[in-house]
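Note sheet for the following structure.
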Amino acid sequence: MISWMDRLKLEIASAISISENAQLLNADLQQVSRVRWLALQSLKEGAGVQQVSVRVVDADSPDGHDLLEDDFDDQTQYRYRLVCVKAPIDGVLRFFLLNSFRNIVERDPVSVEMADTVFIGDLRSKVETAGILLLPWGDQPTIVSENRALRSPREFINDATGSLVVPASVGPWIPGGDSEAHQALFGRDFGRRLALALPTSITKNGAGNLVALSDFKRKVSAEIEDQSNPVWTDHTLAETLIAAAKWVYADGTDVENRHSILAAEIARSFPKVTGWGAGLQATLENALDSARIAYRLHLYDKSIDALKLMSDLRKGLADDVKSVSTQTSTLSAGLWRDAAVAFGAVALKSLTASMGILILAVTAIYLTVSWYLNMRVASDAVAAISSNERVFRTKLYGPILADNEYYELAGNRYNAVIGEFYRYRRLVSLVYWSSIVLVCALAIWPHKVEIGSFAECANNHIARYVGRAFMPDAVPFLPFGCGDI
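Residue 828 in the working numbering sits at position 287 of the sequence shown; the count goes up by one each step and never skips.
Given below as structure tokens:
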């Protein structure tokens, strides 16, 4: 059996024009037949369950008389208008059409912010946000969802405009699950509503434009861009605004302190001479990271100033990165120096044939000792930095910063820089040992005949002794055999 909502959709599907707001729907109908008239009367009879009243009026008549109460007359010509009036329900918005809801989001966002539940006739499945629940409007009785209200920004932001510019709630603009479904309903341009929930006060300047204020040690005053400004269509800014609003208003109950801390961080790093949206675009991500750390310090009641702690961590990271880079440069410089020594030894060997093997032997020993000392000094220095980082992470920052926050601020950079040092150290060691092997080969190459004779002699003697002891038919096992035994 076809549902009441589906019957209503059929009736308005061929309407000449449709308009709907939160209270009523008007649909101008084409010529109405007797069959359709009976269908409209049936629709009127079943509307009570939906807490909706249905009537058909003459759009050209001001009296608003319900024509459905009269008998159908084929000869009477009216400009029929179907009017559906929705009974008001506290905390509930109801729309027959999805586009009508989207229009309300754009034109009257405050009404959406004041709601707990929204029913939409052609919504296919439930959509959740941090503040409201959106449900398909079917034939079931209208129910109100559990209280999902968040603390209102109007409790913490001084609205001096006289026109209630500050959002009543940020709940509708924060996805509660499927972000794509949320975006399909609310669009992408709601970032301005979230941005209005972050300053300490909002006022108007002499030109009548909205101005956001963050009044702390550093006072920030920035004009708020209009909704049409491209800054509000920036996807990255929208995601950061959602994260900031969620952290302040939805992730805990201590909203006042979170709001004050984030506003202070925004004020501390806000660029000069820029709009509010553009300034948030440049600073909000870092300000949110800093605010989270500062709030963590507040929770642990530490006597350490949050900004000083972050400054020390970043300064320490910069110094350690510089120290590791210095050790890498030291290895590089030592490699080039020793390469020059090796090339000089090879050149000197060609000039003094009598002392050539001694020069190359000393060079090989020098390269080995130099490799060991360079590696030992650089590796000890980097190991000390790594050890200090682990100690500070465990003892100082561990009780204050979550692991993901620490790694985002410093840990990942430490790992990358130290890992790069050890990769470079392996490369330098490979070059050193290749050079040492090459120098040794150059030293013994001119004496390959003598070495071969010595190997033959040693091979013969060893083979004899082994053969006598174990194997009468023994053969040489050294690689430099020079004849039959």
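Note that the Cβ used here is the ideal one computed from N, Cα and C, for glycine as well.
Spell out the partners DSSP gives F660 in its beta bridges. R635, L676
Would you call E654 buried or exposed, if buried means 16 or more other Cβ atoms sit within 10 Å of its Cβ? buried
Taking C-alpha atoms, which residue in S594, A819, A600 lies nearest to S558? A600
Where do the ends of the beta strand (DSSP E) carrying V761 lie? 760–764
For D612, three-class secondary structure by DSSP: coil
Comparing C-alpha positions only, which one of E610, N746, V752, N953 sits nearest to L737? V752
Can the beta-carbon of L778 be found closer than 8 Å to that of G732? Result yes, Cβ atoms of L778 and G732 sit closer than 8 Å.
Which residue spans inside the stretch 891–927 form an unbroken beta strand (DSSP E) run of at least 3? Listed in chain order, nothing qualifies, since the stretch 891–927 has no complete beta strand (DSSP E) run of 3 or more residues.
Beta-carbon proximity check, G875 vs S911, cutoff 8 Å: yes
With a 10 Å radius around its C-beta and 16 neighbouring C-beta atoms as the bar for buried, classify H800 as buried or exposed. With a threshold of 16 other beta carbon atoms within 10 Å, H800 meets it and is buried.
Buried versus exposed call for E797 [16 or more other C-beta atoms within 10 Å across all chains shown]: exposed
Thinking C-alpha only, which one of S976, A828, A957 is nearest I906? S976
Rounded to whole angstroms, what is the Cα-Cα separation between I715 and N699? 22 Å
Output the boundary residues of the alpha helix (DSSP H) element that contains R622. For R622, no alpha helix (DSSP H) run applies; the uninterrupted beta strand (DSSP E) run containing it begins and ends at 621–627, by DSSP.
What residues match up with L566 in a beta bridge as DSSP calls it? E561, C625
Can you list the alpha helix (DSSP H) stretches of 4 or more residues lying completely in the stretch 719–791, in chain order? 720–727, 732–736, 776–786
By DSSP's criteria, A700 is part of a beta bridge. Which residues make up the other side? This sequence places Asp at residue 700; Ala is not what is there. In DSSP, D700 forms a bridge with I743.
Report yes if the CB atom of F636 is closer than 8 Å to the CB atom of E561, and no otherwise. yes
Taking the DSSP output, what are the residues bridged to E669? L674
Exposure label - G712; buried when at least 16 CB within 10 Å: Result: buried.
To the nearest angstrom, report how far apart A748 and H723 are at their CA atoms. 36 Å
Tell me, please, which residues DSSP counts as bridged to L801. Checking the sequence shown, residue 801 turns out to be Ser, not Leu. S801 pairs with nothing; no bridge assigned.
Beta carbon of V624, beta carbon of V593: below 8 Å? no
Is P603 helix, strand or coil when you go by DSSP? P603: coil per DSSP, three-state reduction.
So, for A883: in the same chain, excluding its five sequence neighbours on each side, which residues have a beta-carbon less than 7 Å away from its beta-carbon? Around A883: T904, L908, S976, V980.
Please state whether DSSP places P713 in a helix, a strand or coil. helix
Could you say if the stretch 856–873 and the stretch 817–827 meet the contact criterion of at least three C-beta pairs nearer than 8 Å? no
Suppose the cutoff is 6 Å on Cβ atoms and the five residues either side in sequence are ignored; what does the same chain contact list for L566 look like? Taken in chain order, the residues that qualify are C625, F637.
What's the call for E696, buried or exposed, on a 16-neighbour Cβ count within 10 Å? E696 comes out exposed.
For V595 and K627, what's the separation of their Cα atoms in angstroms? Approximately 9 Å, taken between the alpha carbons.
Terminal residues of the alpha helix (DSSP H) in which Y948 lies: Counting along the chain, Y948 falls outside any alpha helix (DSSP H), and DSSP gives it neither H nor E.
Using a Cβ distance threshold of 8 Å, determine whether the stretch 803–819 contacts the stretch 763–777, with at least three qualifying pairs required. yes
Per DSSP, what are the beta-bridge partners of S594 in this structure? V626
Presumed contact (8 Å Cβ cut-off) between P740 and L754, rounded CB distance: 6 Å
Compute the minimum distance between the beta carbon of D767 and the heavy atoms of the ligand ZN, and state whether it is under 7 Å. For the structure depicted, the ligand ZN is absent and the ligand set is empty, with no information on it obtainable.
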